[in-house]
Amino acid sequence: MSRTNFQELLDAGAHFGHLARKWNPKMAPYIFDQKNGIHIIDLHKSVVKIDEAAEVLKEMARSGRKVLFVATKKQAKDVVATKAAEVNMPSVTERWPGGMLTNFPTIRKAVKKMNTIDKMKEDGTFEKLAKRERLQVERQRAKLEKNLGSIRDMSRLPSALFVVDVQKEANAVKEAVRLNIPVIAMVDTCCDPTPIDYVIPANDDATKSIELIMDVMCKAISEGLEERKLEKEKEADAAPAEAAPAEAPERKLRPRRGAKAEKAEAAPADEAAPAAEAE
35 MSRTNFQELL DAGAHFGHLA RKWNPKMAPY IFDQKNGIHI IDLHKSVVKI
85 DEAAEVLKEM ARSGRKVLFV ATKKQAKDVV ATKAAEVNMP SVTERWPGGM
135 LTNFPTIRKA VKKMNTIDKM KEDGTFEKLA KRERLQVERQ RAKLEKNLGS
185 IRDMSRLPSA LFVVDVQKEA NAVKEAVRLN IPVIAMVDTC CDPTPIDYVI
235 PANDDATKSI ELIMDVMCKA ISEGLEERKL EKEKEADAAP AEAAPAEAPE
285 RKLRPRRGAK AEKAEAAPAD EAAPAAEAE
């Protein structure tokens, strides 16, 4: 069963591309027609590509891997931040920090700095600082939170990127390609789909279009997380059941015996020894 359909995408305006004169010829396989100087995206192909991308995300979630959502444009940032948070996935919605992937250790240091400031507030060190120093630290903390707050729990490189508008997020795509990190993206008719591993041809300017596709992707991730949870529960239940039969035979093969019983068995052997010697 398809995760979305032609009519839902049509209602969301996912079929509207860019002006025909601004098109990228590499998007030709995904273009259905041209109307009033605007390219119309073939939504039948979009449905297939959405299902393909959703299955990839579901499998990643099921194996416990993280997907980084990237969308800094006005129409997408709030939707992406909310949806990503719902499935506990990291996101970048303010500004792409240069070297976010290719210089990941430096980004982690900045996140640790943010955590250090939080600890200072908890243990009372922050209150001991001078008023001016407190203001400086507060400003630094607010800036770090704005740019890196949504990735503070991302301790390693993501297994994939989900991008809205590959032109605007060109730096993110370049870094992912350089590190061989798969990229799943909503690609409009003016964009180059070549660097993208899983192309979703769709309108990346309409909030409804972005929201619909994000909803499908996050539902797939939720399914993967639920399956992972069930698998872990089954493993936990199976472990004690496998261990129990191994203990039972040991109790039967080694019954407890008292010291008196051992002496009683040893006595006849001692009495028989002199008789054997006399013969």
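Numbering-wise, my numbering comes out as the position in the sequence shown, counting from 1, plus 34. Using N, Cα and C, we set each Cβ at its ideal position, and we do this for glycine too. All values derive from a computational prediction rather than experimental measurement.
ask   = Considering only C-alpha positions, which residue in the set 247, 238 and 144 is nearest to residue 40?
value = If you number the sequence shown from 1, residue 40 lands on position 6. Checking every option, the nearest Cα to that of residue 40 belongs to 247.
C-beta contact flag for residue 121 and residue 264 at 8 Å = Locating residue 121 in the sequence shown gives position 87, where the first residue counts as 1. Locating residue 264 in the sequence shown gives position 230, where the first residue counts as 1. Not in contact: residue 121 and residue 264 (Cβ atoms no closer than 8 Å).
inquiry  = Helix, strand or coil for residue 235? Go by DSSP, reduced to three states.
reply    = Start at 1 with the first residue of the sequence shown, and residue 235 comes out as number 201. Correct three-state label for residue 235: strand.
ask   = Is residue 125 helix, strand or coil by DSSP?
value = On the sequence shown, position 91 is the one that residue 125 refers to. Of the three classes helix, strand and coil, the one that applies to residue 125 here is strand, per DSSP.
ask   = What did DSSP end up calling residue 53 once you bin it into helix, strand or coil?
value = To locate residue 53, count along the sequence shown from 1; it is residue 19. Strand.
query = Residues in its own chain within less than 8 Å of residue 132 by CB, not counting five upstream and five downstream?
reply = Translated into positions along the sequence shown, residue 132 becomes position 98. Cβ within range, chain order: 205.
ask   = Does the distance from the CB of residue 193 to the CB of residue 99 come in under 8 Å?
value = Counting from one through the sequence shown, the residue named residue 193 turns up at place 159. Counting from one through the sequence shown, the residue named residue 99 turns up at place 65. Yes.
C-alpha gap between residue 168 and residue 145, whole angstroms = Counted from its first residue, the sequence shown places residue 168 at position 134. Counted from its first residue, the sequence shown places residue 145 at position 111. Whole-angstrom Cα-Cα distance: 19 Å.
task = Determine, using beta carbons only, whether residue 47 and residue 242 come nearer to each other than 8 Å.
result = By 1-based counting over the sequence shown, the position of residue 47 is 13. By 1-based counting over the sequence shown, the position of residue 242 is 208. Yes, Cβ-Cβ distance for residue 47 and residue 242 is below 8 Å.
ask   = Should the segment 74 to 94 be called in touch with the segment 153 to 168, which here means at least 3 C-beta pairs below 8 Å?
value = no
query = residue 252 and residue 61: beta carbons closer than 8 Å?
reply = Mapped onto the sequence shown, residue 252 falls at position 218. Mapped onto the sequence shown, residue 61 falls at position 27. Their beta carbons are not under 8 Å apart, which means residue 252 does not touch residue 61 by this criterion.
ask   = Looking only at C-alpha atoms, which of 90, 65 and 78 sits nearest to residue 254?
value = Sequence index remark: in the sequence shown, residue 254 carries index 220 (1-based). Looking at the Cα atoms, 90 is the closest of the given residues.
inquiry  = Do residue 238 and residue 198 count as a contact pair if the criterion is CB distance below 8 Å?
reply    = Your numbering for residue 198 matches position 164 in the sequence shown. Your numbering for residue 238 matches position 204 in the sequence shown. Taking 8 Å as the Cβ cut-off, residue 198 and residue 238 qualify as a contacting pair.
Endpoints, the alpha helix (DSSP H) within which residue 117 is located = Taking the sequence shown and counting its residues from 1, one reaches residue 117 at position 83. Segment 108 to 120, the alpha helix (DSSP H) holding residue 117.
Exposed unless 16 or more other CB atoms sit within 10 angstroms - verdict on residue 227 = Within the sequence shown, numbered from 1, the residue matching residue 227 stands at position 193. Buried, since its Cβ has 16 or more Cβ neighbours within 10 Å.
task = Could you tell me the distance, in whole angstroms, from the CA atom of residue 218 to the CA atom of residue 43?
result = Within the sequence shown, numbered from 1, the residue matching residue 218 stands at position 184. Within the sequence shown, numbered from 1, the residue matching residue 43 stands at position 9. If you take the alpha carbons of residue 218 and residue 43, they lie about 18 Å apart.
key: Three-state class that DSSP yields for residue 230 in the structure shown   = For this step, residue 230 is matched to residue 196 along the sequence shown. Residue state, collapsed to three classes: coil.
inquiry  = Quick test of your reading: residue 106 and residue 115, contact by CB under 8 Å. State the CB separation rounded to the nearest angstrom.
reply    = Position 72 of the sequence shown, counting from 1, holds the residue named residue 106. Position 81 of the sequence shown, counting from 1, holds the residue named residue 115. At roughly 10 Å, the Cβ-Cβ gap does not stay under 8 Å, so residue 106 and residue 115 are not in contact.
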